Amino acid sequence: MIITSLLQVKHRDHTGLHMRELTMSVKSLDVIVEGRRSQPQQLIEVLQDVQDLCGYIPRESMITVSKELGVPLIEVYRVASFYKAFSLVPSGKHVITVCLGTACHVRGARRMVDQVAGQLGVSPGGTTSDGLFTVECVNCLGACALGPVVVLDGVYYDKMTPRKLSRLIDSVRAADSEGRANA
Ligand code: FES
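In terms of the numbering used here, the sequence shown opens at residue 333 and continues consecutively.
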């Protein structure tokens with residue numbers, strides 16, 4: 333069965349300041365649901381694949397997933413909004429995750445949040461206006477002895493300090509600018 337609806341994906345333009353609209357291939361979603369149609373129990377796996385593909389769960393994809401798996405749209409939305417692994421809005425190009433769990437908290441993790449807020453001008457859950465960084469907080473990253481822990485794009489940085497975090501952010505910005513200049 334061919335999915336007939338086009339999926340409009342709002343995607344941040346990594347070159348900078350503008351949002352552009354991409355049309356995600358119908359085929360991509362078709363491939364994701366292939367072999368899982370009419371299988372409601374596959375909902376989380378399907379949403380995970382959509383998240384991996386798009387970086388978030390576009391509204392239009394929830395409608396398609398609902399139809400293809402035979403899951404009420406409200407249930408698709410409930411699951412997509414319940415799990416932290418899913419996002420309903422596009423993320424920035426780089427994701428900074430600050431641990432605010434107890435072990436990191438007592439070692440000053442809150443200062444990392446303050447550093448990010450001061451340097452990037454965004455609160456946890458926010459994305460910078462240029463789409464470069466998304467900042468999020470979690471309750472434990474499983475490396476409590478090494479706190480405060482910050483994760484940048486999946487890479488763990490232990491015993492973090494505001495100064496180290498500032499340098500890390502600056503280095504990512506510089507690398508991004510350089511990459512764009514050489515593109
Ligand atoms: S509390 Fe931060 S890694 Fe566990």
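All residues carry an ideal CB built from backbone N, CA and C; glycine is no exception. From a predicted model like this one, the values you see are computed outputs, not experimental measurements.
(message) In the DSSP assignment, the alpha helix (DSSP H) including Cys436 goes from what residue to what residue?
(response) Annotation: the continuous alpha helix (DSSP H) that includes Cys436 extends over 434-437.
(request) Measure the beta-carbon distance from His426 to Phe465 and round it to whole angstroms, keeping in mind my assumption that it falls under 8 Å. (result) With 8 Å as the limit, His426 and Phe465 qualify as a contact, their Cβ atoms being about 5 Å apart.
(message) What would DSSP say about Leu354, mapped onto helix, strand or coil?
(response) Note that Leu354 scores a pLDDT of 44, beneath 50, so its modelled location is shaky and nothing firm can be said.
(message) So, at 8 Å on beta carbons, what are the nonlocal neighbours of Gly424 in its own chain, with the 5 sequence-adjacent residues on each side left out?
(response) Taken in chain order, the residues that qualify are Arg344, Thr459, Thr460, Gly463, Leu464, Phe465, Thr466.
(message) Any beta carbon from chain D within less than 9 Å of Thr434's own beta carbon?
(response) The structure shown contains no chain D; it is built from a single protein chain.
(request) List the residues that DSSP assigns as beta-bridge partners of Glu301. (result) For residue 301 there is no data in the structure shown, the boundaries of the chain being 333 and 515.
(request) Give a single yes or no on whether Val481 has its beta carbon closer than 8 Å to a heavy atom of the ligand FES. (result) Distances taken from the Cβ of Val481 to the heavy atoms of the ligand FES include one shorter than 8 Å.
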